Structure formats: C-alpha cells, structure tokens
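Trainee:
Protein chains in written order, with our numbering: chain A, 684 to 1076; chain B, 1070 to 1257.
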C-alpha cells in the first residue's frame, strides 16, 4: 500500500502470451539498488500488485513457437531490458532504447519525449511487465534477450550479467577512460563496484571511491585498489582536489542516481525538502558535485537511474568546462556475451559483491536491510525454493 | 521441470492491500487464463469505451436527422414546422457531441456535456408544450425518450469517470502485458 510495502504473495503463473515468449523458472534473482527507487516511491506509475525484480536467471521451461534459439532446459540469464532486436535502435546496438518493447510507449513519450525499452518489473512507464523476483517469469522477445550460460559456472558467478555487471562496465566505457586517467566513482553499491573493477580494463590509473558505508568503501579498496572518500566525514570536492593536485578527476561516474544522500550539504538539503514536498522528483546532488569536481574537458558517465527532472544543475559549469556527459540504461545484449567470456576466462568473478543469499520469502525483510545498508549488506540474492536453514550471509 | 498448469507461483509485490477476503465476490472466470487483468485493457474499460462509442453514434445519427430533416423531426416530436431552425440548431449540437466523443480516448467530459445537452432538450420540450398548437402526446413521448437518453448518458459518464485511464494508446508492435500475473488476480 503506497511506498515501502513489499510482500510475497501467491499469484497466477505466467504463461506464453505471444510467439516470441519464453517462460523461465527462476533459480536466482537479485535486489537492485534501482529497486529501491520503486520501494521508496520515486518512480511514477507503480501500482498495487506489481511484481518487482529485473535481475533474474533460471531454467527455460516453456518456449513460444517463434523462439528458435532456446529450448526447454536451457539455463539462461535474463537481461533487465526487453528488446525486439529489429528496430533502428536495436540494430544500432542501443538495445535499451528499443522502439517496440514498451506497450505503454505514449505514456513514456509524454514524460521523456520518446519511449525507451520495456523493462522487467519497473513500473508501467516501462511497460508494466511482471518482474523476476518470483518463481517463474514470462520473457517477451525471448529470442533476443536471454543469454545461455554454461553449467560449469554457478548462479552466483553469472547472475549479475542480468544488470549490474554490464551496467558497471558500460559506465566505465561511457567514461571514455584513457590510459592513466584518474576515475572517481560516486556510489559503491554493486554498479559502482563493477565500474571500479572494469575501469582498470580501460587503463585507469588512480581510482577514487566515494560513499558513506564503510563496508562498501572497504570492498572498493580490497577489490579494485581504490582510494576512498567517506562523504559523511569529508568534503568530497576538497578531498578530490587534494587527491588530484587541484585538477579534478579526469572521469567521473555517478553510480548513485536520483536518491543521492546529501551529506549535510546545502544543495542536498534543498533537494530533500523539495522531494519530500513533491516539488521535485530527483535528488541530483551527486551529479552537481561531479560537475563541479570533474576536470575541465573531462567526462561524466551516469549509470545511476534518474526518474524525472533535476533541479539546479550547474549547466554553466558543465558548458564552460567543456565536460562531456554520457549516460543511458545499459544496452545489455551488446555487452552480455563479451562479459560472460570474461567470467569464463577467469578475468572476473562477479560473486564478490554478494553479501546475502536468502529464500524468496525473505525478500521484504531484505528490501529493508538493503535500503538501510544493515548487516553489512551490499547485494542480496533471492533464491526461490531455498529453505531458511540454507540462508547464507 | 514442469510447472503445474494454472498453478500459483510466489512473487514479491509492491503495495498489496492485504490478503483477499475469502468471501469476496468476483466475476465468474473459468481459469486464471481467462482473467484478463490489466488496467488499460481490462473488460470494464472495454465496456465503458464501447458504451461511449454507442452513444457517440446515436448522437451523430440523431444530430444528422435533426440537421437534415428538421421539418420532419419537428412534426415527429409534436411541434410546428416553424421550429425547424431550432431543431436544426439542436441537431448541430448533437453532431458536435458525437464527434467530440469519438475524438477522445476517454470522453468523460464529453458525456457530461451530453447530459447538459439533454437538459437543454428537455427545457425546449417544456417550452414547446406551452404552445397550444403543440401535440402534447408526441411531446410527452419525446420527453420520455430524452429522459431515457439522459439516463444512458449519466451511466456512461459515471462509468468512464470511475475508470482509471492514464494511458491513451498502446504501441501495437510491443509485447502484450495483458494477462500477466499480479496480486490483483485471484489464484485459481
């Protein structure tokens, strides 16, 4: 009922509705940081009874007649974006901009100017598709989306191909990192962690991780060799200038999005008041900070999800400093096969970000745990069919 | 692995208003496959939409008759043919109602405008009845017909007003989201 109310209920099974559908029995599914935007009521057009979840994987149990590349029994990771594979945008590799996968396209068009791809479990603005935090999932355009994964890799190793791993990778790619660049990443949740790790693949020199959760900063240091800034005790801009001899980071990655915490800053407080009073939709504190801190001629990459309109963006600083911004929902199908190969080659084991593995029934409790970063929570994997005695932390 | 057809699966949901009371009355459905649940294409919306279309066609038909054959229409309702100008004007208004309903995806205000038009018609018939030359029986029948139309217009306006239509059209190439599982559907 309204915000902050997630429950586990029995619902009718999904079924094949169209020839290009498949039904996947979910074996693992994760809670994403962007699910928290839904949980906290930031995304419009959510309705009671909507099923959440956009990071699923499992076993194909049924396929529609037009799906020729999957068969019953195949083990697949399902990307969070739904793409037709045939429109101009899909053909250009811009899968998250698909023209044909959002049945509520005109609603999205009214808000964004154009509709983008349908997403699993992410409000009626993106199609109202039932999400993957469930026992079964209907996958439209199943001949384009799901990626078959080999049996010798565990769910934990491949699950994050569904969203956060490609998202972090694309964030690093969008940052236009050159050899030796200093890269600052705001937000050390899973996307930020993957952005930090993959920034090295592009030749990044110094990595700077910014967050306020000690476990996340520790993970960034341990997994990626990043230097850290805790924004609740340090002035981020001042520290970044110190760490970069006053130039500022070459590349900045905003892996936070619309629910930025302000750390007691004036502009952050204005954001908080406005969003509480429903006078604004997004808290853009991190984006402002990135614009101020980024070096002249640098690049800001924004994987963080924003919902509506941001206020008081320093467009003057952005323009006069010649900063490039690259952003977007992840073009999943473009990156998934290549990143699976990285996993298979041993270049990365994405399971490092998991902190909790619990039965699906514990989902509501884990939303709270994840939201408030309790119990050292960094990433929650829900396992349909898991018994409580098997819970892993 | 096979799942049981028509079975239930668990899902995490946002904002369910408690469990469904066991005594709750629901429309008869044979199986979960029959239950078309989607806010924008649910049967209630389709019924309301079809009802409004029917009223629009009726408006158009009546309006054309009044505008093109005002004399005949005047005699039919029991007034003199010198009322043709007024009848024609009423007909043009009816045509306007019909077109405005047809042009709108959710014509709630347009149906309320029809109710207003019915009030004008009734007022005109009441005024016409004060004329000694008017055929009071035919006027009474015409008034009864207008009251019947008013009842239909009111029902249609209320039906549309109670529906939550926040979407105008669907992308025809997009996958359907009709018939998806959600907590709004009963588990069979």
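Heads up, the beta-carbon is just placed ideally off N, CA and C, and yes, glycines get one too.
No experiment lies behind these values; they were computed from the predicted model shown.
Using a Cβ-Cβ cutoff of less than 6 Å, which residues in the same chain neighbour residue 850 of chain A once the five nearest sequence positions on both sides are dropped?
Mentor: Here residue 850 of chain A corresponds to residue number 167 of the first chain, with the count starting at 1. Answer for residue 850 of chain A: 874, 986 and 1013, listed in chain order.
Trainee: Between the Cα of residue 1068 of chain A and the Cα atoms of A:712, A:911, A:689 and A:686, which residue gives the shortest distance?
Mentor: If you number the first chain from 1, residue 1068 of chain A lands on position 385. When each option's Cα is compared against that of residue 1068 of chain A, the closest is A:712.
Trainee: Given that residue 1246 of chain B touches chain A, what residues does it touch there, using C-beta distances under 7 Å?
Mentor: Position 177 of the second chain holds residue 1246 of chain B. Under the 7 Å cutoff, chain A gives 786, 810, 811 and 812.
Trainee: Look up residue 764 of chain A in the DSSP assignment and give the residues it is bridged to.
Mentor: What you label residue 764 of chain A is simply residue 81 of the first chain in a count that begins at 1. DSSP lists A:802 as partners of residue 764 of chain A.
Trainee: List the residues that DSSP assigns as beta-bridge partners of residue 705 of chain A.
Mentor: As a position in the first chain, residue 705 of chain A is number 22, starting the count at 1. For residue 705 of chain A, which the question treats as bridged, DSSP gives the partners A:746 and A:822.
Trainee: Buried or exposed, going by whether 16 or more other CB atoms sit within 10 Å of the CB of residue 1244 of chain B?
Mentor: Here residue 1244 of chain B corresponds to residue number 175 of the second chain, with the count starting at 1. The residue in question, residue 1244 of chain B, is buried, as its Cβ has 16 or more Cβ neighbours within 10 Å.
Trainee: Output needed for residue 827 of chain A: all residues of its chain with C-beta closer than 7 Å, excluding positions within five of it in sequence on either side, in chain order.
Mentor: If you number the first chain from 1, residue 827 of chain A lands on position 144. The residues are 766, 767, 768 and 1016.
Trainee: Using DSSP bridges, identify the partner residues of residue 942 of chain A.
Mentor: As a first step, residue 942 of chain A is located in the first chain; it is residue number 259 there, counting from the start. A:966, per the DSSP bridge assignment.
Trainee: What ranges does the alpha helix (DSSP H) occupy inside the segment 891 to 921 of chain A, keeping only unbroken runs of at least 4 residues that lie completely in it?
Mentor: Positions of the alpha helix (DSSP H) runs, each at least 4 residues long and wholly inside the segment 891 to 921 of chain A, are given as 897 to 907 in order along the chain.
Trainee: Return no unless some Cβ of chain B is closer than 9 Å to the Cβ of residue 991 of chain A.
Mentor: Taking the first residue of the first chain as 1, we reach residue 991 of chain A at position 308. Chain B contact via Cβ: absent.
Trainee: I want to know whether the segment 973 to 981 of chain A touches the segment 924 to 933 of chain A - three or more CB-CB distances under 8 Å.
Mentor: Counting C-beta pairs closer than 8 Å gives three or more between the segment 973 to 981 of chain A and the segment 924 to 933 of chain A, which meets the contact rule.
Trainee: Short check: CB of residue 1038 of chain A to CB of residue 840 of chain A, under 9 Å?
Mentor: The residue given as residue 1038 of chain A occupies position 355 in the first chain. The residue given as residue 840 of chain A occupies position 157 in the first chain. Against a cut-off of 9 Å, the Cβ pair of residue 840 of chain A and residue 1038 of chain A comes out as no contact.
Trainee: Give the DSSP bridge partners of residue 869 of chain A, in chain order.
Mentor: Within the first chain, the letter at position 186 stands for residue 869 of chain A. In DSSP, residue 869 of chain A forms a bridge with A:893 and A:937.
Trainee: Which value, in whole angstroms, describes the spacing of the CA atoms of residue 1027 of chain A and residue 836 of chain A?
Mentor: By one-based count along the first chain, residue 1027 of chain A stands at place 344. By one-based count along the first chain, residue 836 of chain A stands at place 153. Counting only the Cα atoms, residue 836 of chain A lies some 8 Å from residue 1027 of chain A.
Trainee: With DSSP as the reference, identify every bridge partner of residue 740 of chain A, one or two as the case may be.
Mentor: The residue given as residue 740 of chain A occupies position 57 in the first chain. According to DSSP, which records beta bridges pairwise, residue 740 of chain A is partnered with A:711 and A:760.
Trainee: Could you check the C-alpha separation between residue 800 of chain A and residue 732 of chain A for me, to the nearest Å?
Mentor: One-based indexing of the first chain puts residue 800 of chain A at position 117. One-based indexing of the first chain puts residue 732 of chain A at position 49. Each residue's Cα considered, the two are about 22 Å apart.
Trainee: Report, in whole angstroms, the separation of the C-beta atoms of residue 1176 of chain B and residue 1170 of chain B, which I expect to be a contact under 8 Å.
Mentor: Taking the first residue of the second chain as 1, we reach residue 1176 of chain B at position 107. Taking the first residue of the second chain as 1, we reach residue 1170 of chain B at position 101. Indeed, because the Cβ distance is near 4 Å, the residues count as touching under 8 Å.
Trainee: Spatial neighbours of residue 993 of chain A within its chain, please: CB distance less than 7 Å, with the 5 preceding and 5 following residues excluded, ordered by chain position.
Mentor: Here the question's residue 993 of chain A lines up with position 310 in the first chain. Only 965, 967 and 970 meet the Cβ criterion.
Trainee: Could you tell me whether the segment 694 to 701 of chain A touches the segment 775 to 792 of chain A, where touching means 3 or more Cβ pairs closer than 8 Å?
Mentor: no
Trainee: To the nearest angstrom, how far is the alpha carbon of residue 1253 of chain B from that of residue 1180 of chain B?
Mentor: Indexing the second chain from 1 puts residue 1253 of chain B at position 184. Indexing the second chain from 1 puts residue 1180 of chain B at position 111. Residue 1253 of chain B and residue 1180 of chain B have their C-alpha atoms some 29 Å from each other.
Trainee: Looking only at DSSP bridge pairs, what is residue 1127 of chain B linked to?
Mentor: Within the second chain, numbered from 1, the residue matching residue 1127 of chain B stands at position 58. Answer is none; residue 1127 of chain B lacks a bridge partner.
Trainee: My output table needs one value for residue 1176 of chain B: the three-state DSSP class, helix, strand or coil.
Mentor: For the purposes of this step, residue 1176 of chain B is taken as the residue at position 107 of the second chain. Coil, per DSSP.
Trainee: When you compare the CB of residue 767 of chain A with every CB in chain B, is at least one pair closer than 9 Å?
Mentor: Reading the first chain from its first residue, position 84 is the one you call residue 767 of chain A. At least one chain B Cβ lies under 9 Å of residue 767 of chain A.
Trainee: In whole angstroms, what is the alpha-carbon distance linking residue 1178 of chain B and residue 1199 of chain B?
Mentor: Reading the second chain from its first residue, position 109 is the one you call residue 1178 of chain B. Reading the second chain from its first residue, position 130 is the one you call residue 1199 of chain B. Straight-line Cα distance between these residues: approximately 32 Å.
Trainee: Which chain B residues sit within Cβ distance under 9 Å of residue 803 of chain A?
Mentor: Here residue 803 of chain A corresponds to residue number 120 of the first chain, with the count starting at 1. Near residue 803 of chain A there are no residues of chain B at all, since even the closest Cβ is about 11 Å away, more than 9 Å.
Trainee: Could you pull the start and end residues of the beta strand (DSSP E) that residue 720 of chain A belongs to?
Mentor: Here residue 720 of chain A corresponds to residue number 37 of the first chain, with the count starting at 1. Unbroken run through residue 720 of chain A is the alpha helix (DSSP H), 716 to 722; no beta strand (DSSP E).
Trainee: Could you list the residues in the segment 815 to 833 of chain A with a C-beta less than 8 Å from some C-beta on chain B, going in chain order?
Mentor: 816, 817, 818, 819, 821, 823 and 824
Trainee: Could you name the residues of the segment 1045 to 1057 of chain A whose beta carbon sits closer than 9 Å to any beta carbon of chain B, in the order they occur along the chain?
Mentor: 1046, 1047 and 1050
Trainee: Determine, using beta-carbon pairs with one atom in the segment 1205 to 1215 of chain B and one in the segment 1137 to 1149 of chain B, whether at least three such pairs fall under 8 Å.
Mentor: yes
Trainee: Flag this pair as yes or no: are the beta carbons of residue 817 of chain A and residue 1023 of chain A separated by less than 9 Å?
Mentor: Here residue 817 of chain A refers to the residue found at position 134 when the first chain is read from its first residue. Here residue 1023 of chain A refers to the residue found at position 340 when the first chain is read from its first residue. No, the Cβ-Cβ distance between residue 817 of chain A and residue 1023 of chain A is not below 9 Å.
Trainee: Going by DSSP, what residues sit across from residue 1041 of chain A in a beta bridge?
Mentor: Residue mapping note: residue 1041 of chain A aligns to position 358 of the first chain, counting from 1. Residue 1041 of chain A pairs with A:1065.
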